[in-house]
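**Student:**
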Amino acid sequence: MPAAEPPVEPERQRWRDKLRSGLRKTGVGIAQVFTSARIDDALYEELETALLMADTGVAASQYLLDDLKRRVKAARATDPRAVKGLLADAITGLLTPLEGALGVGHETPTVIMVVGVNGAGKTTSIGKLTRHLAQAGQTVLLAAADTFRAAAREQLAVWAGRNNVEIVSQHDGDPAAVTFDAVTAGRARGCDVVIADTAGRLSTQTHLMEELKKIRRTITKAQASAPHEVLLVVDGNTGQNALSQVKAFDEALGLTGLIVTKLDGTAKGGVLAAIALWSRGRTQPVPVYFVGVGEKLEDLQTFNAREFAQALLG
9 MPAAEPPVEP ERQRWRDKLR SGLRKTGVGI AQVFTSARID DALYEELETA
59 LLMADTGVAA SQYLLDDLKR RVKAARATDP RAVKGLLADA ITGLLTPLEG
109 ALGVGHETPT VIMVVGVNGA GKTTSIGKLT RHLAQAGQTV LLAAADTFRA
159 AAREQLAVWA GRNNVEIVSQ HDGDPAAVTF DAVTAGRARG CDVVIADTAG
209 RLSTQTHLME ELKKIRRTIT KAQASAPHEV LLVVDGNTGQ NALSQVKAFD
259 EALGLTGLIV TKLDGTAKGG VLAAIALWSR GRTQPVPVYF VGVGEKLEDL
309 QTFNAREFAQ ALLG
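So this is what it looks like as structure tokens:
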């Protein structure tokens with residue numbers, strides 16, 4: 009008999025329930041495939057369509073179908089419900105390399121540069137990440153390097169207040185200069201983590217992407233080993249466009265991790281499979297450190313491949 013799974017903490021179980029609820033729109037089309045009475049070509053064709061509709065993408069959909077067929081053959085499965093379980097195993101296998109823990113403490117301070125397009129939930133994610141770190145006993149300093157939008161500075165200041173952490177901000181400062189000052193201040197104050205919020209960028213805006221490269225270079229001038237993390241915040245509702253953003257920002261900045269937001273209510277949660285397949289082509293996978301399914305502070309949690317696969321399939 010397989011070993012029983014260890015008990016789940018109540019807080020994590022609440023998170024699993026919320027993730028399942030958030031991914032319902034994505035999973036309902038996939039789950040319906042397994043109401044069929046037979047395992048045949050028609051089932052696999054319906055499944056391929058459902059995966060594509062979930063924005064899994066052509067390459068990742070084919071990868072999962074091929075893997076599933078191998079698993080079905082090896083298990084000699086005859087019940088479509090069993091095939092659903094094997095699909096969960098296939099999705100878990102594809103997504104597992106995306107698991108990773110955000111590492112802090114190896115450098116003082118650990119400098120985290122956060123990027124993303126406008127509307128992805130970047131500043132909100134920084135607030136939630138700050139809470140996560142503060143609860144772990146880390147002292148955090150925020151850099152309001154999105155100097156183009158007063159609203160962004162004000163929003164970050166609100167999050168700093170909620171989490172009782174300090175913030176470095178200038179009304180009309182150069183984004184790179186603000187970041188330099190923050191990293192320098194973080195070193196002087198002995199902070200554990202410095203998080204730089206940057207202005208939203210479309211990956212097609214070359215001149216604006218150059219500004220992000222400048223910020224990255226300036227961080228290195230303030231601390232030679234930094235930035236230690238370059239995190240991209242992507243909106244799960246954008247589907248395959250999220251993969252395009254990951255590729256573009258990675259090429260420009262060398263991403264070290266992802267935060268995937270707004271998975272609640274999206275029908276495009278399958279894009280994580282596409283990101284996972286792309287990530288396999290890199291020397292090192294780009295991990296998904298956190299996923300988000302709501303607006304509350306606790307609605308940003310660490311990514312677990314098995315949890316995601318099971319939530320996706322209901």
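Once you know that position 264 of the sequence shown is 272 in our numbering, the rest is easy, because the numbers rise by one and skip nothing.
Where is the CB? At the ideal position from N, CA and C, for every residue including glycine.
#1: Compare the Cα-Cα distances from Pro-295 to each of Lys-81, Ala-313, Val-119 and Ala-128 and report the closest residue.
#2: Pick from Gln-309, Thr-246, Leu-285 and Thr-264: whose alpha carbon is nearest that of Met-61?
#3: Return helix, strand or coil for Glu-174, following the three-state DSSP convention.
#4: Determine the DSSP secondary structure at Phe-298, reduced to helix, strand or coil.
#5: When the Cα of Ala-159 is compared with those of Ala-184, Thr-206 and Gly-101, which residue comes out closest?
#6: Please report how far the alpha carbon of Pro-10 lies from the alpha carbon of Arg-32, in whole angstroms.
#7: With 7 Å set as the bound, which would you pick, yes or no: does the beta-carbon of Gly-113 sit closer than that to a beta-carbon of chain C?
#8: Going by DSSP, name the residue or residues bridged to Asp-154.
#9: Just how far apart, CA to CA, sit Ser-44 and Leu-51?
#10: Less than 7 Å separating the beta-carbons of Leu-266 and Leu-305?
#11: What is the rounded straight-line gap between the Cα of Thr-116 and the Cα of Tyr-71?
#12: Quick one: grab the DSSP three-state call for Ala-204.
#13: Gly-108 to Thr-57, Cα distance in whole Å?
#14: So Ile-47 packs on Ala-85, CB below 8 Å; how close in whole Å?
#15: Would the beta-carbon of Val-268 fall within 7 Å of that of Val-201?
#16: Measure the alpha-carbon distance for His-179 versus Arg-161 and round it to whole angstroms.
#17: Measuring CB atoms only, is the segment 215 to 224 touching the segment 166 to 185, in the sense that at least three cross pairs come out at less than 8 Å?
#18: Verify whether the separation of the beta carbon atoms of Leu-271 and Val-301 is less than 7 Å.
#19: Output the boundary residues of the alpha helix (DSSP H) element that contains Leu-110.
#20: Hey, out of Arg-157, Asp-189 and His-140, whose CA is closest to Ala-168's CA?
#21: Just verifying my parser: in three-state terms, what is the DSSP assignment at Ile-223?
#22: Counting Cβ pairs closer than 8 Å, one from the segment 308 to 322 and one from the segment 91 to 108, do we hit at least three?
#23: In the structure shown, what three-state DSSP assignment does Val-36 receive?
#24: Kindly indicate the opening and closing residues of the alpha helix (DSSP H) around Thr-264.
#25: Quick check on this structure: which residue in Asp-87, Ala-282 and Phe-298 has the alpha carbon closest to the alpha carbon of Ser-252?
#26: Should Glu-54 and Val-66 be called a contact, given that it needs their Cβ atoms to be closer than 7 Å?
#27: Use the C-beta contact count for Glu-19: other C-beta atoms within 10 angstroms, 16 or more gives buried, fewer gives exposed.
#28: Start and end of the beta strand (DSSP E) containing Leu-240?
#29: Hey, Asp-189 and Val-176: beta-carbon distance below 7 Å or not?
#30: Take Arg-28 and list the residues in its own chain whose beta-carbon comes closer than 7 Å to its own, dropping the five residues that flank it on each side.
#31: At the level of alpha carbons, what is the spacing between Thr-131 and Cys-199?
#32: By DSSP, does Ile-120 sit in helix, in strand, or in coil?
#33: Run through the DSSP bridge pairs and tell me what Leu-149 is partnered with.
**Tutor:** Quick look at the numbers:
#1: Mapped onto the sequence shown, residue 295 falls at position 287. The residue with the shortest Cα to Cα distance from Pro-295 is Ala-313.
#2: Walking along the sequence shown from the start, residue 61 turns up at place 53. Per the Cα distances, Thr-246.
#3: Position 166 of the sequence shown, counted from the first residue, corresponds to residue 174. If DSSP states are grouped into helix, strand and coil, Glu-174 belongs with the strands.
#4: Taking the sequence shown and counting its residues from 1, one reaches residue 298 at position 290. Here Phe-298 sits in strand by DSSP.
#5: Counted from its first residue, the sequence shown places residue 159 at position 151. When each option's Cα is compared against that of Ala-159, the closest is Thr-206.
#6: As a first step, residue 10 is located in the sequence shown; it is residue number 2 there, counting from the start. As a first step, residue 32 is located in the sequence shown; it is residue number 24 there, counting from the start. Confidence in Pro-10 is poor, its pLDDT being 47 and thus under 50, which makes the residue's placement unreliable; the coordinate value appears in the next sentence. Approximately 28 Å, taken between the alpha carbons.
#7: Protein chain content of the structure displayed is limited to a single chain, and chain C is not contained in it.
#8: Taking the first residue of the sequence shown as 1, we reach residue 154 at position 146. Beta-bridge pairing links Asp-154 to no other residue.
#9: On the sequence shown, residue 44 is found 36 positions in, with the first residue counted as 1. On the sequence shown, residue 51 is found 43 positions in, with the first residue counted as 1. Each residue's Cα considered, the two are about 7 Å apart.
#10: The residue given as residue 266 occupies position 258 in the sequence shown. The residue given as residue 305 occupies position 297 in the sequence shown. Against a cut-off of 7 Å, the Cβ pair of Leu-305 and Leu-266 comes out as no contact.
#11: Numbered from 1 along the sequence shown, position 108 holds the residue referred to as residue 116. Numbered from 1 along the sequence shown, position 63 holds the residue referred to as residue 71. Their backbone Cα atoms lie some 42 Å apart in a straight line.
#12: Locating residue 204 in the sequence shown gives position 196, counting from the first residue. The answer is strand: DSSP assigns Ala-204 an E or B state.
#13: Taking the sequence shown and counting its residues from 1, one reaches residue 108 at position 100. Taking the sequence shown and counting its residues from 1, one reaches residue 57 at position 49. Gly-108 and Thr-57: Cα-Cα distance of roughly 30 Å.
#14: Counting from 1 along the sequence shown, the entry for residue 47 is found at position 39. Counting from 1 along the sequence shown, the entry for residue 85 is found at position 77. With a Cβ gap of about 7 Å, Ile-47 and Ala-85 count as contacting.
#15: On the sequence shown, residue 268 is found 260 positions in, with the first residue counted as 1. On the sequence shown, residue 201 is found 193 positions in, with the first residue counted as 1. No; because the gap between Cβ atoms is not below 7 Å, this pair is not in contact.
#16: Numbered from its first residue, the sequence shown carries residue 179 at position 171. Numbered from its first residue, the sequence shown carries residue 161 at position 153. Taking the straight line joining both Cα atoms gives about 8 Å.
#17: yes
#18: Here residue 271 refers to the residue found at position 263 when the sequence shown is read from its first residue. Here residue 301 refers to the residue found at position 293 when the sequence shown is read from its first residue. Contact: yes.
#19: Here residue 110 refers to the residue found at position 102 of the sequence shown. No alpha helix (DSSP H) contains Leu-110, which DSSP labels as neither H nor E.
#20: Taking the first residue of the sequence shown as position 1, residue 168 is located at position 160. Minimum Cα distance to Ala-168 is reached at His-140.
#21: Residue mapping note: residue 223 aligns to position 215 of the sequence shown, counting from 1. Helix, per DSSP.
#22: yes
#23: Taking the first residue of the sequence shown as 1, we reach residue 36 at position 28. Looking at Val-36 - three-state DSSP - the assignment turns out to be helix.
#24: Counting from one through the sequence shown, the residue named residue 264 turns up at place 256. Thr-264 -> no alpha helix (DSSP H), and no H or E assigned at all.
#25: As a first step, residue 252 is located in the sequence shown; it is residue number 244 there, counting from the start. Considering only alpha carbons, the answer is Ala-282.
#26: As a position in the sequence shown, residue 54 is number 46, starting the count at 1. As a position in the sequence shown, residue 66 is number 58, starting the count at 1. The answer is no: Cβ separation not under 7 Å.
#27: In the sequence shown, counting from the first residue as 1, residue 19 sits at position 11. The residue in question, Glu-19, is exposed, as its Cβ has fewer than 16 Cβ neighbours within 10 Å.
#28: As a working mapping, residue 240 is identified with position 232 in the sequence shown. Segment 237 to 243, the beta strand (DSSP E) holding Leu-240.
#29: As a working note, residue 189 is residue 181 in the sequence shown. As a working note, residue 176 is residue 168 in the sequence shown. Contact flag set, yes.
#30: Sequence index remark: in the sequence shown, residue 28 carries index 20 (1-based). Closer than 7 Å at Cβ, skipping near neighbours: Ala-319 and Gly-322.
#31: Within the sequence shown, numbered from 1, the residue matching residue 131 stands at position 123. Within the sequence shown, numbered from 1, the residue matching residue 199 stands at position 191. Spanning the two alpha carbons is a distance of roughly 20 Å.
#32: For the purposes of this step, residue 120 is identified with residue 112 of the sequence shown, where counting begins at 1. Reduced to three states, the DSSP call for Ile-120 is strand.
#33: Translated into the one-based positions of the sequence shown, residue 149 becomes position 141. Glu-174 and Val-202.
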